[in-house]
Amino acid sequence: MKVKLTQSAVTASALLAISTSASAIDIYPGDYTVLPPGTTLALGYLGYTPSSDFRLDGVGRVPDSSLDQTVGIARVLHYMRIGGVPVAFQAYLPFAKLTDVRVGGSPQPTNNGLGDLTFGATAFLVNRVDPQYGTTVGLTAYFSVPTGKYDYGRVGAGAGTVVLTPQLGVIQGLGRNLFLDAALDVAVQPGHDDSGYRISVRPSIQLQTYLRYQFTPATSVSFGYAGTYGGKQYVDDAYTGQKTSTSQLRLFASHMLTPTWQVSGMLGKDLSAEGGFKNSYSVQLRVMKIF
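Number 281 in the working numbering belongs to position 78 of the sequence shown; there are no gaps in the numbering.
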C-alpha cells in the first residue's frame, strides 16, 4: 500500500497543473439577466481558497498535502441585439498565486501569474419579462486559449491546451421575490503533448443551482449547490487518480452601492471531493461597474 500511495502521489504532483485550471465556469446569481443593448460591464474578482485534504480516486487521502490559492479575475461584458435576439459578448483573464503547495509532504514547484484567456458569447433564447414570474434562458459558448504558463510537473493556472465550455443558464421567477438561478456546463479539451507525455482530460460537467431572495431591487441573498463530475485525467492513457468530483454549498450576497456600482461576495464550503483537493472554504469578492 505504501508503494502504491507513493507512486500515485508522484503522478498527482505532475498533474496538479491540470487540476487547478480545468474548472468549469462559475456563475453568480443574476448573471443571466438580460441588460439593455449597449450596456458594458467591467468586473473584478478576488478570491482565496485554502486546502489541506488531497484525495486520489481509488487510493484515498494523501497525508501532509496542501494548496492555498489566491485567484483574481478581470472580466468585461457587452450587451447588444442581433436579429432581434439579445446577445452578450465577454472576455476574462484569471491570475493566480499558489502557495504552500505540498503533496505527500513534498513541496511542489509552481507557475504563478496569468491563467488562460477565455472568450464567451451568449444568446438569450428565452426572455419573458415579468417582475415576479419571468423566465430567462441563455446559451453561452466559452472558449479558453492557453495563454497561461504550463509546464508538466508544475502547479499552475494554465491548462496547456484549448478548452471549450458550452453553458446553459436559467433564471426563473418563483414569486414573492424568490428566483431560481441555475447553470449546467460541460468543459471539453483535446489531449496535448508536454515533455514527452500525452496528457488528456475527459469532459467535466458542472451543475449550479441557487435560490435567490431579492430584498429590494438593489439587494439580494442567495444560497445553493455547485457540483462537478467527470474530468478524469490521464498521462499516456494511464489514469492518474485525479478527476473533477466535488460538491459545494455556496452563500452569496449582492448590493448595488449606486446605480452603476455593485459589490458581491461568495462564501463556499466543500461537502465532498474525490480525485483532488477538498477545499477548507472558498471566499470571493466581486466588484462590478456598469457603463
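Idealized CB from N, CA, C, for every residue including glycine.
First through last residue of the beta strand (DSSP E) which encompasses residue i
{"i": "Asp396", "result": "His395 to Asp397"}
{"i": "Leu238", "result": "It is not in any beta strand (DSSP E) - Leu238 carries neither H nor E in the DSSP assignment."}
{"i": "Val262", "result": "Unbroken run through Val262: none, as it is neither H nor E."}
{"i": "Thr412", "result": "Ser407 to Thr419"}
{"i": "Asn482", "result": "Gly479 to Asn482"}
{"i": "Ser347", "result": "Thr338 to Val348"}
{"i": "Gln487", "result": "Ser485 to Ile493"}
C-alpha distance - residue i paired with residue j, whole-angstrom precision
{"i": "Ile285", "j": "Leu328", "result": "12 Å"}
{"i": "Asn330", "j": "Gln375", "result": "10 Å"}
{"i": "Arg489", "j": "Ile276", "result": "9 Å"}
{"i": "Thr463", "j": "Val265", "result": "47 Å"}
{"i": "Ala429", "j": "Pro334", "result": "26 Å"}
{"i": "Arg357", "j": "Tyr251", "result": "20 Å"}
{"i": "Tyr336", "j": "Ala245", "result": "28 Å"}
{"i": "Gly479", "j": "Ala326", "result": "34 Å"}
{"i": "Gln436", "j": "Thr461", "result": "45 Å"}
{"i": "Asp234", "j": "Val306", "result": "36 Å"}
{"i": "Val541", "j": "Leu383", "result": "Here the chain has residues from 204 to 494 only, and residue 541 is not among them."}
{"i": "Leu367", "j": "Ala386", "result": "16 Å"}
{"i": "Thr223", "j": "Leu280", "result": "For Thr223, the predicted structure reports a pLDDT of 48, less than 50, and the residue's modelled location is therefore unreliable. A value from the coordinates is still provided. Answer to the nearest angstrom: the Cα atoms are 25 Å apart."}
{"i": "Gly351", "j": "Asn315", "result": "9 Å"}
{"i": "Asp397", "j": "Pro232", "result": "38 Å"}
{"i": "Leu377", "j": "Thr339", "result": "12 Å"}
{"i": "Leu371", "j": "Thr412", "result": "12 Å"}
{"i": "Tyr416", "j": "Leu317", "result": "35 Å"}
{"i": "Phe426", "j": "Leu454", "result": "5 Å"}
{"i": "Ala225", "j": "Thr447", "result": "Caution applies to Ala225, whose pLDDT of 44 falls short of 50 and renders its modelled position unreliable; the model cannot decide the point."}
{"i": "Val237", "j": "Tyr353", "result": "36 Å"}
{"i": "Leu296", "j": "Leu381", "result": "32 Å"}
{"i": "Phe298", "j": "Val274", "result": "6 Å"}
{"i": "Asp267", "j": "Ser255", "result": "8 Å"}
{"i": "Pro420", "j": "Leu414", "result": "16 Å"}
{"i": "Arg278", "j": "Leu249", "result": "12 Å"}
{"i": "Tyr442", "j": "Gly247", "result": "36 Å"}
{"i": "Ser483", "j": "Gly287", "result": "46 Å"}
Own chain partners of residue i with C-beta closer than 6 Å, once the 5 adjacent residues on each side are dropped
{"i": "Ile408", "result": "Val389, Tyr432 and Gly433"}
{"i": "Asp271", "result": "Pro253, Thr302 and Asp303"}
{"i": "Gln451", "result": "Ala429, Gly471 and Asp473"}
{"i": "Gln465", "result": "Met459 and Met491"}
{"i": "Ser457", "result": "Ser423 and Ser467"}
{"i": "Pro406", "result": "Val389, Val391 and Gly433"}
{"i": "Ser475", "result": "Ser450"}
{"i": "Gln293", "result": "Leu280 and Gly323"}
{"i": "Ser347", "result": "Asp319, Thr321 and Val366"}
{"i": "Ser269", "result": "Ser255, Asp303 and Arg305"}
Same chain only: Cβ atoms within 7 Å of residue i, ignoring 5 sequence neighbours per side
{"i": "Gly394", "result": "Arg401, Ile402 and Ser403"}
{"i": "Pro349", "result": "Asp319, Gly361, Ala362, Gly363, Thr364 and Val365"}
{"i": "Asp439", "result": "Tyr400 and Arg401"}
{"i": "Lys300", "result": "Thr273 and Asn315"}
Cβ-based neighbour list, residue i, same chain, cut-off 8 Å, excluding 5 preceding and 5 following
{"i": "Pro369", "result": "Leu342, Thr343, Ala344, Tyr345, Asp388 and Val389"}
{"i": "Phe494", "result": "Thr242, Thr243, Leu244, Ala245 and Thr463"}
{"i": "Val290", "result": "Tyr282, Met283, Arg284, Ala324, Thr325, Ala326 and Phe327"}
{"i": "Pro310", "result": "Val304"}
{"i": "Pro240", "result": "Tyr282, Met283, Arg284 and Pro289"}
Residues bridged to residue i [DSSP beta-bridge criterion]
{"i": "Leu377", "result": "The partner list for Leu377 (beta bridge, DSSP) is empty, contrary to what the question assumes."}
{"i": "Ala294", "result": "Val279 and Phe322"}
{"i": "Arg453", "result": "Gly427 and Gly471"}
{"i": "Arg401", "result": "Asp396"}
{"i": "Asp384", "result": "Ile374 and Tyr413"}
{"i": "Gln436", "result": "Val404"}
{"i": "Phe327", "result": "Gly341"}
{"i": "Ser309", "result": "Val306"}
Expected contact under 8 Å - CB spacing of residue i and residue j to nearest Å
{"i": "Gly359", "j": "Thr313", "result": "6 Å"}
{"i": "Arg258", "j": "Lys492", "result": "With a Cβ gap of about 40 Å, Arg258 and Lys492 do not count as contacting."}
{"i": "Glu477", "j": "Asp229", "result": "Between Asp229 and Glu477 the Cβ distance is about 20 Å, and since that is not below 8 Å, they are no contact."}
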